[in-house]
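*Asks:* Residue numbers (my numbering), protein chains in the order written: chain E, -9 to 663; chain X, 2 to 133.
Below is the structure I would like to discuss, written out as structure tokens.
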Amino acid sequence: MIEVIGALLRWLQLASNMILIGSCVFLAIAARANTAVDAPWLARLQRALPWLSVTLLLGLLGLLATTTAQATGVAENAWHPGAWLELLQKTRIGRIWTVRAALALLVFGMALYIRVSPWARWRYVLCGTVAALTLAAGSLASHSAAGELSLTSVLPYALHIVLASVWFGGLPAILTVLFATSGKPSHEEVGRVDIQALKRFSAIALPVMIAVVATGIIVLDRMVDTSYAALAATSYGWFLNTKLALLAPILVIGACARRIWIPSLEQNADVAAAGGQGLRKWVTVEFVLALLLVLVATVLANAVPAKHAVIENWPYPFRFSIDATWGESGVLIGAGVGAALLVLAGGAVVLGWTKRWGTKSRIAIPAALTACALAVAVPPLAIQAYPETYRKTPVPFDAISVANGATLFAANCVPCHGPQAKGNGVLAKTFAKPPVDLLTEPHTAKHTAGDFFHWLTYGIPGTGMPVFADKLSEEDRWDIVNFLHATSRGYQARLINPYVAPNQPYMAPQNFSYATHDGVSGTLKDFRRQKTVLLVLFSWPESRARLDQLRLAYATLSGGNTVVLAMPLNDLNPEDLAAITADIPFPVATQGAPEVARSYALFRRTLSNPDLAGEGTVPKHMEFLIDRYGYLRARWIPAVDGTGWTDIGELMRQIDLLNREKELRPPPDDHVH
Amino acid sequence: MESWAVHALKRVVVGAAIAMCLHAAPALAHSMLVKAEPPRRAVLAKPPAQVRLWFNEEIEGDYASLVVLDAEKHPVTEIKPQLAPDDRKSIVLPMPELAPGKYSVKFRVLSVDGHVVESAFDFTVKGKVQKK
Chain E
-9 MIEVIGALLR WLQLASNMIL IGSCVFLAIA ARANTAVDAP WLARLQRALP
41 WLSVTLLLGL LGLLATTTAQ ATGVAENAWH PGAWLELLQK TRIGRIWTVR
91 AALALLVFGM ALYIRVSPWA RWRYVLCGTV AALTLAAGSL ASHSAAGELS
141 LTSVLPYALH IVLASVWFGG LPAILTVLFA TSGKPSHEEV GRVDIQALKR
191 FSAIALPVMI AVVATGIIVL DRMVDTSYAA LAATSYGWFL NTKLALLAPI
241 LVIGACARRI WIPSLEQNAD VAAAGGQGLR KWVTVEFVLA LLLVLVATVL
291 ANAVPAKHAV IENWPYPFRF SIDATWGESG VLIGAGVGAA LLVLAGGAVV
341 LGWTKRWGTK SRIAIPAALT ACALAVAVPP LAIQAYPETY RKTPVPFDAI
391 SVANGATLFA ANCVPCHGPQ AKGNGVLAKT FAKPPVDLLT EPHTAKHTAG
441 DFFHWLTYGI PGTGMPVFAD KLSEEDRWDI VNFLHATSRG YQARLINPYV
491 APNQPYMAPQ NFSYATHDGV SGTLKDFRRQ KTVLLVLFSW PESRARLDQL
541 RLAYATLSGG NTVVLAMPLN DLNPEDLAAI TADIPFPVAT QGAPEVARSY
591 ALFRRTLSNP DLAGEGTVPK HMEFLIDRYG YLRARWIPAV DGTGWTDIGE
641 LMRQIDLLNR EKELRPPPDD HVH
Chain X
2 MESWAVHALK RVVVGAAIAM CLHAAPALAH SMLVKAEPPR RAVLAKPPAQ
52 VRLWFNEEIE GDYASLVVLD AEKHPVTEIK PQLAPDDRKS IVLPMPELAP
102 GKYSVKFRVL SVDGHVVESA FDFTVKGKVQ KK
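Shown next as structure tokens:
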């Protein structure tokens, strides 16, 4: 209930603030000193300003009450002024509210002054500016400001709502002009509106609307990022679609007003009267649609943005994916034919304008060609989807999850899928359709993590894949999904060797947490944008000589902006740990190592030794170079690669290559997709 | 007399406004927990001296709640969490000496943009669990 009241109050204060801004802009632009005397609309509009300010103040007060209840998690605090004061003093949203309330009070005072003072443009400009600051201050507590509070993060959103206010807030002012005549107007009176006032405002309406759309696209891009599926399956997406659907008729009405109705007011009496009627009716419709649009925008501003939204239930049995379908028969042909048809549609637009086709032909021919292009190109990109297809895994892609997934896979999946997920378990041949090869075939790249979660949860009808919903917890099923991703990445990583391929970061390893013998704890991610990591998975006592060599080379490695993290592959007793750490200058993990060992063992495969037979063999010693941006770039396995990094000079050359690189890709994601 | 369009729109607006307010989502979090110490579901050889959480947005320290519950759902400490002195995106709760067993971390924080983040995770301290 508190959310519903909160949404209505947000709408109330936003709408009144926007109308205040728009009215002041309208008064500053449309009115002239000589219109003040005999224009009743001017007096009405000026009388409305204090009431709008009071509505804004009441809306802000209600907003403070509901925000206090939401912030504290106690509904009763909505009625507790002490809790309000605490919120105002102790939080950023409280301080922003204080600034907004002070500015709103100032607007109220100015609105009262405007009402009693003679006409002067500067008063409207000042009142509108303070009202705009009141509104813009709210953007400091918006989604846009959530990540970092900076001019570039807040400015597009602040500009968007202030410019939208000029348009939206101007509509009631236009209606005041149009309905200035008292009672039921005569046929002639309808056409005798203050045409100059409307024309002056209309002149700025178009550039303002273009700027509103442009800033809206910037904000939208930041809120959606690449989560386009969320636009068709989340509250945020539906409210955004509703907002755009409301905007379309508003733009059409605005265009008609500008091109048809307002110019007609200057023609003969009959045409002017018809234009006036049209304006009255459709600007009223536009204002009502705009009120609804602002309500949608209010809810949208408080909804989880598309880029963070969780698509719990994808409502369609299909989805479109270039990645998953590219290379399949028909996709390339469909894309080619579709592109050709789109080119033809573009040509038809140009021809329509240059050869002066009729309006119907100019619209119908390019539209038909575009529809044909989409009909040919899009269907081949469709693949099967499930309600869980776009569900985001709540379990991070880390060593703990992958190691747990490995354990669960070994306990539940090996008889059918085989010990290494190659689809060659002892029962595989008993099925009409044997399990797929999840190790060497790119199934995790072609299907979403949610697809795998669906199959694990509900099984696959017509195959031997059983239901695991009643056997494994949700978290466990996500662990298996993470393990399958790590398994597939491990196979792709066979291309990695002791030599860095410059400027080609592509392998994202799982994050891990650790605590070391000297009491330090952290995660792999902590080194991002700071240090290259040499991750050493060692066995004791087999790796004794190598650890000694690294100890001696530690100063050189540190000088190369590299940290060494040593992780035992086997359990160490206290005596062994004491022996290893006696004079070692780099940290040895005492916590987190078993999970790192188990999950990073998946990166043991090389081109010469893909290790596909049986359960596979984990080498006794492995070393990995992870660059400053979180990507696995080189690997040395003494048992396979020979002397390799025993030549510290060779190791330093690889590190030097990494140190010279700039950031080429965004850092690896914390979750699989 | 009102035009048909205005009349119809009034009905649509009232209906849509009610529907929209009923759909108005609670202030759901879009801030996220990005790191935890101890990590979620960690199995620790040594009990942690503190629980520390990192978020992707700055946190209002006075409105942060962080509780660690033992296997019997009893809080292990009455101390309130504090903002980390060096990082406004992080909160810290010092721990007493924890016995071996499974623990749940429950948190509710208010990010500076007014959104609430609420979740929970477990960790385990290795060793022989004393039966009560």
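Glycine included, every Cβ here is placed at the ideal spot set by N, Cα and C.
Does DSSP classify Leu45(X) as helix, strand or coil?
*Replies:* strand
*Asks:* If we count Cβ pairs, one from each stretch, closer than 8 Å, do we get three or more for the stretch 494 to 503 of chain E versus the stretch 401 to 413 of chain E?
*Replies:* Contact fails between the stretch 494 to 503 of chain E and the stretch 401 to 413 of chain E, because fewer than three Cβ pairs, one in each stretch, are under 8 Å apart.
*Asks:* Which residue's Cα is closest to the Cα of Pro657(E): Leu602(E), Phe517(E), Arg534(E), Glu640(E)?
*Replies:* Phe517(E)
*Asks:* Given Ala367(E), which residues of its chain have a CB within under 6 Å of its CB, disregarding the five upstream and five downstream residues?
*Replies:* Gly324, Ala325, Gly328
*Asks:* Can you list, in chain order, the residues of its chain with a C-beta nearer than 6 Å to that of Ser155(E)? Leave out the 5 residues immediately preceding and following it.
*Replies:* Met8, Ile11, Gly12
*Asks:* Closer than 9 Å, Cβ to any Cβ of chain E: which residues of the stretch 33 to 48 of chain X, in chain order?
*Replies:* Met33, Val35, Lys36, Ala37, Glu38, Pro39, Pro40, Arg41, Arg42, Ala43, Val44, Leu45, Ala46, Lys47
*Asks:* Say whether chain E places a C-beta atom closer than 9 Å to the C-beta of Val113(X).
*Replies:* It does: the Cβ of Val113(X) has a partner Cβ on chain E nearer than 9 Å.
*Asks:* Run through DSSP, which three-state label would Phe576(E) get?
*Replies:* coil
*Asks:* Using the DSSP secondary-structure output, state which residues sit across from Glu651(E) in a beta bridge.
*Replies:* None, per the DSSP bridge assignment.
*Asks:* Identify each residue in the stretch 54 to 72 of chain E for which the Cβ-Cβ distance to at least one residue of chain X is less than 9 Å, and report them in chain order.
*Replies:* Thr57, Gln60, Ala61, Thr62, Gly63
*Asks:* Looking only at its own chain, which residues have a Cβ that is under 7 Å from the Cβ of Phe277(E), when we skip the five neighbours before and after it?
*Replies:* Leu161, Pro162, Leu165
*Asks:* With contact counted as at least three CB pairs below 8 Å, one residue from each stretch, are the stretch 37 to 52 of chain X and the stretch 93 to 113 of chain X in contact?
*Replies:* yes
*Asks:* Is there a Cβ from chain E that is less than 9 Å from the Cβ of Tyr104(X)?
*Replies:* It does not; no Cβ of chain E falls within 9 Å.
*Asks:* Pair every Cβ in the stretch 294 to 311 of chain E with every Cβ in the stretch 223 to 236 of chain E, then say whether three or more of these pairs are closer than 8 Å.
*Replies:* Yes, the stretch 294 to 311 of chain E is in contact with the stretch 223 to 236 of chain E.
*Asks:* Whose C-beta lies closer than 7 Å to the C-beta of Ala676(E) among residues of the same chain, with five residues either side of it excluded?
*Replies:* Beyond the ends of chain E as shown, which are -9 and 663, falls residue 676(E); an answer cannot be given.
*Asks:* Is the distance from the Cβ of Pro370(E) to the Cβ of Glu318(E) below 9 Å?
*Replies:* yes
*Asks:* How is Ile486(E) classed by DSSP in three states: helix, strand or coil?
*Replies:* coil
*Asks:* Counting Cβ pairs closer than 8 Å, one from the stretch 37 to 48 of chain E and one from the stretch 207 to 220 of chain E, do we hit at least three?
*Replies:* no
*Asks:* Using only the alpha-carbon positions, how far apart do His116(X) and Ala61(E) sit?
*Replies:* 8 Å
*Asks:* Could you give the first and the last residue of the continuous alpha helix (DSSP H) run that contains Val113(X)?
*Replies:* Where Val113(X) is concerned, there is no enclosing alpha helix (DSSP H), given that its DSSP letter is neither H nor E.
*Asks:* What's the gap between the Cα of Thr360(E) and the Cα of Lys350(E)?
*Replies:* 15 Å
*Asks:* Can you list, in chain order, the residues of its chain with a C-beta nearer than 7 Å to that of Leu641(E)? Leave out the 5 residues immediately preceding and following it.
*Replies:* Counting only residues of its own chain and dropping the five nearest sequence neighbours on each side, Leu641(E) has a CB closer than 7 Å to the CB of Trp635.
*Asks:* Note down the Cα distance separating Val13(X) from Glu59(X), rounded to an integer number of angstroms.
*Replies:* With a pLDDT of only 49 at Val13(X), under 50, the local geometry of the prediction cannot be trusted, and the value read off the model is given with reservation. Rounded to whole angstroms, Val13(X) to Glu59(X) spans 41 Å at the Cα level.
*Asks:* Roughly how many angstroms lie between the CA atoms of Ile243(E) and Leu2(E), to the nearest whole one?
*Replies:* CA-CA distance, Ile243(E) to Leu2(E), rounds to 25 Å.
*Asks:* Buried or exposed for Ser192(E), going by 16 or more other Cβ atoms inside 10 Å?
*Replies:* buried
*Asks:* Consult DSSP for Asp646(E) and reduce its assignment to one of helix, strand or coil.
*Replies:* helix
*Asks:* Does Arg618(E) come out as helix, strand or coil in the three-state DSSP assignment?
*Replies:* coil
*Asks:* DSSP beta-bridge partners for Gly102(X)?
*Replies:* Val126(X)
*Asks:* Could you give the DSSP three-state label for Lys461(E): helix, strand or coil?
*Replies:* coil
*Asks:* Quick one: residues in its chain with C-beta nearer than 7 Å to the C-beta of Pro239(E), no 5 flanking neighbours on either side, listed in chain order?
*Replies:* Leu279
*Asks:* Starting from Val117(X), find everything on chain E with Cβ-Cβ shorter than 9 Å and list it in chain order.
*Replies:* Those within 9 Å of Val117(X) in chain E are Gln60, Ala61, Gly63.
*Asks:* Any idea if Ser598(E) is buried or exposed, counting beta-carbon neighbours within 10 angstroms, 16 or more meaning buried?
*Replies:* Exposed is the call here.
*Asks:* According to DSSP, what are the bridge partners of Arg625(E)?
*Replies:* Phe614(E)
*Asks:* Tell me which same chain residues have a C-beta within less than 6 Å of the C-beta of Gly128(X), skipping the five on either side of it?
*Replies:* Pro101
*Asks:* Which class does Ile80(X) belong to by DSSP, given the choice of helix, strand or coil?
*Replies:* coil
*Asks:* What residues in its chain sit with their C-beta under 7 Å from that of Thr56(E), if we drop five residues either side in the sequence?
*Replies:* Closer than 7 Å at the Cβ level, and outside the excluded window around Thr56(E), lie Ile(-8), Ile(-5), Gly(-4), Leu(-1), Ala68.
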